[in-house]
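Residue numbering for the sequence shown follows numbering that gives the first Met the number 0, starting at 0 and increasing by one per position. C-beta atoms are modelled at their ideal positions from N, C-alpha and C, and glycine is treated no differently.
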Amino acid sequence: MAVQLSWRPLGIIIPGFIIAFTGYCGHYYVLRHHLPYSKQVLFQCSLTMVWISYFLAIIMPPGAPPVNFKHAPGEWKRWCYKCEAPKPERAHHCKQCGQCVLKMDHHCPWTNNCVGHQNLPYFFRFLVWVDITTSMILYHLLVRAYGLYRDRFLPMYLIQKSDLVFTIILIPVSFFVLLTISILTVRVISNTIDGKTEIETWECERVESLIRRKIVPKPLYDESETGFPYDIDIWINLTEALGSPFLWLFPFGSPKGDGLHFQKNEQADEGAIWPPDLPIMRLPNEESLDNNDTLDHKTSSTSKRLLSKRNIPSENRLVDGIYSSNHHQNELQREFESDSDSSENEPEWRRGIKSDDDFYQFNRWANWDGEKISDFGVDIESDVPLR
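Below, the structure written as structure tokens:
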């Protein structure tokens, strides 16, 4: 489950304290007495990279849609109720940051920042350098602990008490940090290899459940497939997300692409959007878009009108506090359909998916870890699909 902090700066204070306590106390009280100078310098360089990477992971923006962003003719249209603006593919509105985030992975309480398209490499480097540095100090602490065990029959005045105390304290602390951060690092690498974000991994798990439940028609996929459209191949997935491999461990490497458009594989429907049971209205074809600004103005005014109606009685709220506004969404959907013959372009299987009546609905479903879509920082109300 995602960590929720009542005071957001605490998410930076806690990791900062752990890094400083483990790194500097371990060096001053233990390592400097038993390591050659060259290895001490190597450790401090690695610790410095942790600080630099952490600082950049905190301050680097995740990326937001440009003010003048418009969907191309024929694309699936997504709209953010909170930003009052078009939403690019793979973007979500973060309830903590108060903005749409390009290729949103999750909101990290430990950096007080969203992880998105532009700052995923910085977040990844922070995790890797924490793993490297913690592995170094844990190894040397274990070597020192073995030395203390070997010298257990010596008189106590021959052993520095601070050396003994900090070795005993820092071994479990370092092990805990290495274990937790390594799990997160493996999770990020696994998602990146698959071309997914953390949110999209959750969505894939949910779609797999829909397939098993036969909410998604069985002939559509094999049992092991979800039709995820952004998994190209391992190398492209890694370089698109993390940039050049020569810069993966250096502070200022950046990802490829603009975060607005992404290459898709052969499983993707032409112009389709992910996840597959999110029936967003398709824009008119290019020949019918004589004036795209007029459509955008109509969309904005319609959305504003629907937002003004959201102050509805409490008995119409969903169980998790989200307004039940399906009738408003249907109204908006009908207005889009009056401008475009979009339903004819939508695959038959996509129109047949219904999951509103049970916990498979996207704002209710939880994975095996108990995580809901809101646990990743997604503002559910802004992401309510147009029905």
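The Cβ atoms of Gln95 and Gly369 do not sit closer than 8 Å to each other. Between Cys82 and His92, the C-beta gap is smaller than 8 Å, which places the two residues in contact. By the C-beta density criterion, Met48 is buried, having at least 16 other C-beta atoms within 10 angstroms. For Asn236, the enclosing alpha helix (DSSP H) starts and ends at 233 to 241. DSSP, reduced to helix, strand and coil, places Pro8 outside both helices and strands of the structure shown, so it counts as coil. Beyond the five residues adjoining it in sequence on each side, Ala144 comes within less than 7 Å, by CB distance, of Thr166, Ile170 in the same chain, given in chain order.
As DSSP reads the structure, Asn112 sits in a beta bridge with Cys107.
The beta carbon of Leu163 lies closer than 7 Å to those of Leu147 in the same chain, with the five residues before and after it left out. About 15 Å separates the Cβ atoms of Leu183 and Tyr121, ruling out a contact at the 8 Å cut-off.
In this structure, the straight-line span from the alpha carbon of Leu177 to that of Asn67 is close to 43 Å. For the 8 Å CB-CB criterion, Asp104 and Gly115 form a contact.
The beta carbons of Pro85 and Trp78 sit about 6 Å from each other, so the pair counts as a contact at 8 Å. In the three-state reduction of the DSSP assignment, Val377 falls in the strand class. Ser161 is a Cβ neighbour of Tyr28, given a cutoff of 8 Å.
His92: member of the beta strand (DSSP E) spanning 91 to 93, first to last residue.
Fully enclosed beta strand (DSSP E) runs of no fewer than 3 residues are not present anywhere in the stretch 21 to 83. By the C-beta criterion, the stretch 229 to 238 is judged to be in contact with the stretch 188 to 205, since at least 3 inter-stretch pairs fall below 8 Å. In the structure shown, Pro85 adopts extended strand secondary structure according to DSSP, grouped into three states. With a threshold of 16 other beta carbon atoms within 10 Å, Met155 falls short and is exposed. For Val100, the pairing in a beta bridge is given by DSSP as His91. DSSP places Asn190 inside the alpha helix (DSSP H), whose first and last residues are 160 to 192. In the three-state reduction of the DSSP assignment, Thr196 falls in the coil class, being assigned neither a helical nor a strand state. With contacts defined by Cβ atoms closer than 8 Å, Ala240 and Thr179 do not form a contacting pair.
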